[in-house]
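Residue numbers (our numbering): 27 to 321.
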């Protein structure tokens, strides 16, 4: 590909779990990728890493240049208990940087924005919602729609379910469901405690698959709001048992019926490309990563 026609791509949140995978995917396609991160020392082969904070509009103005497409992945995320306990922090941590970023983007050459949102924005009662992460994500969707309409920018909002895989956060205090369960199994002994009856049905998408879907959405004609993911559905108990089986440990699941069961919320996905990694294969890769980096 001639350098004169290589599009300049900007990825925010590039040091994150999904961000690094997306940058790698975009580099593989031959694009000129600029990865933005507050993390000093970040190196992603093939990409130009820009160290700075997108909350600083002057920094954003200095890097936006002739960027064609922005993948906006920056944000604050932990797990549900943190999102509720520190709701205000998570709203501000997601909304404030985007406001500053969009302020710097006014009148720039950007043709398209791809925003990674969440299925946690679907079906919520915003009058009573207490999850600051979900609120922040939904507010950002509204901001982006208004901004894109005013400045005639193509916008793709990608709502994804839980993403998991190597490189995830396995800290038991803040990890989400799959990495938390992997940690419990691999660091546990004979019993795995599961809240409620374990019958809740869930959907997840492997990190490499969501990176490929995001890349496809940016390169293709995808616009509007789409829900993407892996249509496989599994109960909490099924996932727990699969992790136990793949780990080779001798454990039994004990359902704690004094704890609440969350209701199932399943989605119909409209994928720009189909996912390639099954839950079993994804869990196998995740467990191998945990053994290598956390055992």
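Note that beta-carbon positions come from the ideal geometry of N, C-alpha and C, so glycine has one too. Small disclaimer: the values here were computed from a predicted structure and weren't measured.
Looking at C-alpha atoms only, which residue of the options is the closest neighbour of residue i?
i           : options           : result
residue 211 : 301, 271, 295, 74 : 271
residue 139 : 257, 248, 118     : 248
residue 117 : 104, 173, 128     : 104
residue 320 : 121, 206, 131     : 206
residue 275 : 216, 145, 51      : 216
residue 290 : 222, 75, 252      : 222
residue 67  : 41, 49, 52        : 41
residue 218 : 81, 273, 47       : 273
residue 145 : 164, 99, 61, 224  : 164
residue 174 : 137, 147, 49      : 137
residue 255 : 61, 240, 287      : 240
residue 134 : 119, 44, 202, 176 : 176
Alpha carbon to alpha carbon, how far is residue j from residue i? Give it in angstroms, no decimals.
i           : j           : result
residue 220 : residue 281 : 5 Å
residue 302 : residue 235 : 7 Å
residue 71  : residue 237 : 16 Å
residue 263 : residue 229 : 13 Å
residue 226 : residue 265 : 11 Å
residue 155 : residue 161 : 7 Å
residue 151 : residue 199 : 27 Å
residue 259 : residue 167 : 27 Å
residue 295 : residue 245 : 19 Å
residue 297 : residue 304 : 15 Å
residue 127 : residue 57  : 22 Å
residue 9   : residue 269 : Residue 9 lies beyond the residue range present for the chain, which begins at 27 and ends at 321; the question has no answer from this structure.
residue 33  : residue 214 : 48 Å
residue 208 : residue 196 : 8 Å
residue 100 : residue 204 : 22 Å
residue 82  : residue 47  : 25 Å
residue 39  : residue 299 : 23 Å
Is residue i helix, strand or coil when you go by DSSP?
i           : result
residue 30  : Reliability fails at residue 30, whose pLDDT of 48 lies under 50, so the model's placement of it is uncertain and no value is given.
residue 248 : coil
residue 238 : helix
residue 282 : strand
residue 310 : helix
residue 59  : strand
residue 168 : helix
residue 227 : strand
residue 43  : helix
residue 254 : coil
residue 270 : helix
residue 161 : helix
residue 143 : strand
residue 48  : helix
residue 70  : coil
residue 36  : strand
residue 173 : helix
residue 315 : helix
Counting only runs of 4+ residues fully inside the region 76–141, write out the alpha helix (DSSP H) ranges in chain order.
83–90, 106–111, 113–131
Three CB pairs or more closer than 8 Å across the region 173–189 and the region 86–93
no
Let me know the alpha helix (DSSP H) ranges lying completely inside the region 175–222, each 4 residues or longer, listed in chain order.
203–213
Cβ pair count under 8 Å reaching 3, the region 92–102 against the region 72–79:
no
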